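Chains as they are written, first to last, in numbering that gives the first Met the number 0: chain S, 0 to 233; chain G, 0 to 233.
2 protein chains.
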Amino acid sequence: MNGAAGAHEGVGGTGGKGGSAPAHSGAVQASAHAADRLRTMIADGALAPGAKLSEQALSGELGISRNTLREAFAMLAAENLVARLPNRGGFVTDPTADDVRDLYAARLVLETGAVLWGELDGPAVARLREIVAAALTAVEAGDAPTMADANQRFHREIVAAAGSRALLAEMDRALARMRLVFHAMTDEPGFHAGYAHRNSEVLAALEAGDRARAVELLRDSLSAARDEILARVG
Amino acid sequence: MNGAAGAHEGVGGTGGKGGSAPAHSGAVQASAHAADRLRTMIADGALAPGAKLSEQALSGELGISRNTLREAFAMLAAENLVARLPNRGGFVTDPTADDVRDLYAARLVLETGAVLWGELDGPAVARLREIVAAALTAVEAGDAPTMADANQRFHREIVAAAGSRALLAEMDRALARMRLVFHAMTDEPGFHAGYAHRNSEVLAALEAGDRARAVELLRDSLSAARDEILARVG
DNA sequence: CGAGGACAAATTGTTCAACAATCCACCGGG
DNA sequence: CCCGGTGGATTGTTGAACAATTTGTCCTCG
């Protein structure tokens with residue numbers, strides 16, 4: 000959702016000297032709003048990994064001042080979605096092979112920790128079941144985007160069970176960077192297909208109450224995904 | 000290191016009209032530098048939980064403009080050290096009981112995950128041994144600040160073994176918020192003393208290669224600390 | 001004497017214009 | 001073909017301005 004592109008015609012900028020009535024009505028927080036816009040642009044691939052974030056261009060496109068845009072940059076940089084090089088400006092993070100290893104080491108801890116200690120009760124398992132079903136349907140239909148989305152939702156739901164907003168936020172940052180990795184992989188012919196099946200096995204272990212088995216399956220799944228990605232990115 | 004206080008006399012501000020030569024030579028990134036300053040001020044308690052962060056006062060004190068200061072606010076807000084209320088400005092985060100629970104749920108996952116999957120080889124264990132020794136010495140001497148510092152270093156070192164920069168960064172954010180919690184606890188008569196002993200037991204289990212036992216001890220230690228804090232904060 | 005409301009002062013959110021420092025792309029010389 | 005200069009573009013940062021909102025004060029009324 001949220002069609003990319005830009006062309007959000009400049010709101011303020013009537014031209015006068017100082018303030019000059021920016022006509023802004025209720026924008027709660029322009030910088031946070033801009034960070035949201037940029038985040039989804041990056042997620043959608045409208046801003047590819049490595050892309051330069053020109054302050055002039057983006058401030059014009061988003062209809063905000065350079066200063067406000069820079070605040071948004073600071074937020075995104077704190078999430079590791081944007082890299083700021085001194086005197087060179089902001090760039091969409093372009094994950095290295097080492098970043099991929101880092102990411103999967105983090106996910107291993109987050110996801111297995113959530114399985115071991117989280118509250119994976121009825122409702123949570125029900126949500127996982129629904130997600131797995133959607134994933135398998137998407138595999139059937141060969142719908143790669145839905146597959147990828149369901150896969151991310153599955154792993155996010157697991158971490159959510161850990162019961163920590165901070166940890167879930169970290170997982171969201173990790174998944175956002177995963178999307179960056181996927182964008183960097185030129186082609187991914189059915190990358191996620193195999194993992195839908197693996198996820199259903201993890202779910203089965205959880206339904207059987209066998210957390211140790213679920214951890215084992217999860218670890219294998221993450222290792223396999225990491226190695227498959229590293230083989231393609233190098 | 001880095002004595003707190005402020006009173007860093009304003010650098011620029013010669014008063015002229017526009018630019019007016021701020022005499023700034025090589026400040027790599029003023030906003031990041033300011034964020035560092037504020038972070039240590041918060042860690043040291045120079046800015047207490049709940050304190051209002053006046054833009055005018057702080058920009059003067061740090062010798063930077065309001066816009067640059069706001070960029071620093073954006074960074075600290077992304078770390079959950081500062082809360083920004085719309086039209087009310089920035090405040091040092093004042094952790095609630097729920098935040099404490101959240102924090103310990105996160106730490107449980109991070110630390111036990113690192114013990115289970117991390118590379119706790121010779122060097123890492125050696126560092127832990129050194130930290131535990133320092134902690135025990137501090138307990139002997141009744142030196143609370145050193146005790147607290149060693150305790151944080153111990154848990155940080157464990158998470159470092161997970162081999163993920165992102166996860167370690169998350170741990171650093173968590174520890175920064177822990178410091179906020181400790182500041183909020185009016186008095187803590189030898190809070191950390193007992194945990195130095197617990198840490199040495201965790202270390203012993205690791206030296207014996209018994210990771211499962213280390214995880215168990217760690218979990219108990221974290222639960223105990225959480226409950227002790229919750230009993231005092233309510 | 002306390003509740004409520006009008007008004008003034010302070011503060012935040014945001015923009016604009018300016019300028020120093022730095023980087024980048026181009027171009028001519030060796 | 002490589003190399004160093006040169007000028008334009010871009011970033012980093014500042015100061016001033018102003019609308020919207022919050023906060024504080026004081027005055028009135030019940």
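Just so it is clear, CB atoms sit at the ideal spot from N, CA and C, and this is done for glycine as well.
As the structure is a prediction and not an experimental result, all values here were calculated from the model.
is_contact[residue i, chain G] using C-beta, thresh 7 Å
i               : result
A73 of chain S  : yes
A224 of chain S : no
M108 of chain S : The sequence shown places Val at residue 108 of chain S, not Met. So yes, V108 of chain S belongs to the interface.
D101 of chain S : yes
G11 of chain S  : Low local confidence applies: a pLDDT of 32 at G11 of chain S is under 50, so the model's placement there is unreliable, and no value is given.
L229 of chain S : no
H23 of chain S  : Reliability fails at H23 of chain S, whose pLDDT of 39 lies under 50, so the model's placement of it is uncertain and no value is given.
Interface flag, residue i vs chain S, CB-CB below 7 Å
i               : result
S163 of chain G : yes
A42 of chain G  : no
A104 of chain G : yes
A26 of chain G  : In this prediction, A26 of chain G has a pLDDT of 42, which is less than 50 and means its spatial position is unreliable; what the coordinates show is noted afterwards. Chain S contact via Cβ: absent.
A77 of chain G  : yes
L166 of chain G : yes
E215 of chain G : no
Residue of the options minimising C-alpha distance to residue i
i               : options                           : result
L46 of chain G  : G:R178, G:R152 and G:A104         : G:R178
G141 of chain S : S:S163, S:G189, S:G117 and S:R126 : S:G189
G44 of chain S  : S:H182, S:S163, S:E156 and S:Y103 : S:H182
V99 of chain S  : G:E187, G:D219 and G:R164         : G:R164
N198 of chain S : S:M74, S:A134, S:R83 and S:L52    : S:A134
E200 of chain G : G:E187, G:N86 and G:D219          : G:D219
A223 of chain S : S:L205, S:A211 and S:G193         : S:G193
E129 of chain G : G:D226, G:R225, G:I228 and G:A195 : G:A195
G88 of chain S  : G:E187, G:I228 and G:Q28          : G:Q28
A204 of chain G : G:G59, G:R231, G:L127 and G:N86   : G:L127
G42 of chain S  : S:A175, S:A123 and S:V124         : Contrary to the premise, residue 42 of chain S reads as Ala rather than Gly in this sequence. Nearest of S:A175, S:A123 and S:V124 to A42 of chain S, Cα basis: S:A175.
M170 of chain S : S:S58, S:M40 and S:A104           : S:A104
R235 of chain S : S:L167, S:T145 and S:L217         : The shown model of chain S, from 0 to 233, leaves out residue 235 of chain S, and the question about it has no answer.
A125 of chain G : G:L217, G:V108 and G:F153         : G:F153
G162 of chain G : S:R210, S:V108 and S:T136         : S:V108
V180 of chain S : S:G62, S:P48 and S:G121           : S:P48
G233 of chain S : S:I63, S:T145, S:P94 and S:Q151   : S:P94
E187 of chain G : G:E60, G:P144 and G:S58           : G:P144
CB contact flag (residue i, residue j, <7 Å)
i               : j               : result
R106 of chain S : A207 of chain S : no
L119 of chain S : A160 of chain S : yes
E213 of chain G : V114 of chain G : One detail in the question is off: residue 213 of chain G reads as Ala in this sequence, not Glu. Yes, these two residues count as a Cβ contact at 7 Å.
G112 of chain G : G112 of chain S : yes
I157 of chain G : E215 of chain G : no
V149 of chain S : V91 of chain S  : Looking at the sequence shown, residue 149 of chain S is not Val but Ala. Result no, Cβ atoms of A149 of chain S and V91 of chain S do not sit closer than 7 Å.
H191 of chain S : A123 of chain S : no
L257 of chain G : V131 of chain G : The question about residue 257 of chain G has no answer here: the residues shown for chain G are numbered 0 through 233.
N66 of chain S  : N86 of chain G  : no
A33 of chain S  : L75 of chain S  : no
M184 of chain G : R225 of chain G : no
E70 of chain S  : E227 of chain G : no
Integer-rounded CB distance, given that residue j should sit under 8 Å from residue i
i               : j              : result
E78 of chain G  : A77 of chain S : 7 Å
F72 of chain G  : L52 of chain G : 7 Å
L37 of chain G  : E54 of chain G : The Cβ separation is near 12 Å, so there is no contact.
L221 of chain G : A96 of chain G : Actually they are not in contact, since the Cβ atoms of L221 of chain G and A96 of chain G sit about 16 Å apart, beyond 8 Å.
Heavy atom of the ligand MN within 6 Å of residue i beta-carbon
i               : result
R152 of chain G : This structure simply doesn't include the ligand MN, nor any ligand for that matter.
Given a limit of 9 Å on CB to CB distance, which residues of the segment 168-185 of chain G reach chain S?
-> Of all residues in the segment 168-185 of chain G, A168, E169, R172, A173 and R176 have a Cβ within less than 9 Å of some Cβ in chain S.
Could you run through the segment 47-73 of chain S and flag, in chain order, every residue whose CB is less than 7 Å away from some CB of chain G?
-> N66, R69, E70 and A73
Of all the residues that make up the segment 112-130 of chain G, which are near chain S by a beta-carbon distance shorter than 9 Å?
-> G112, A113, L115, W116 and G117
Select from the segment 82-97 of chain S all residues with a C-beta closer than 7 Å to any C-beta belonging to chain G, and list them in chain order.
-> Result list: P85.
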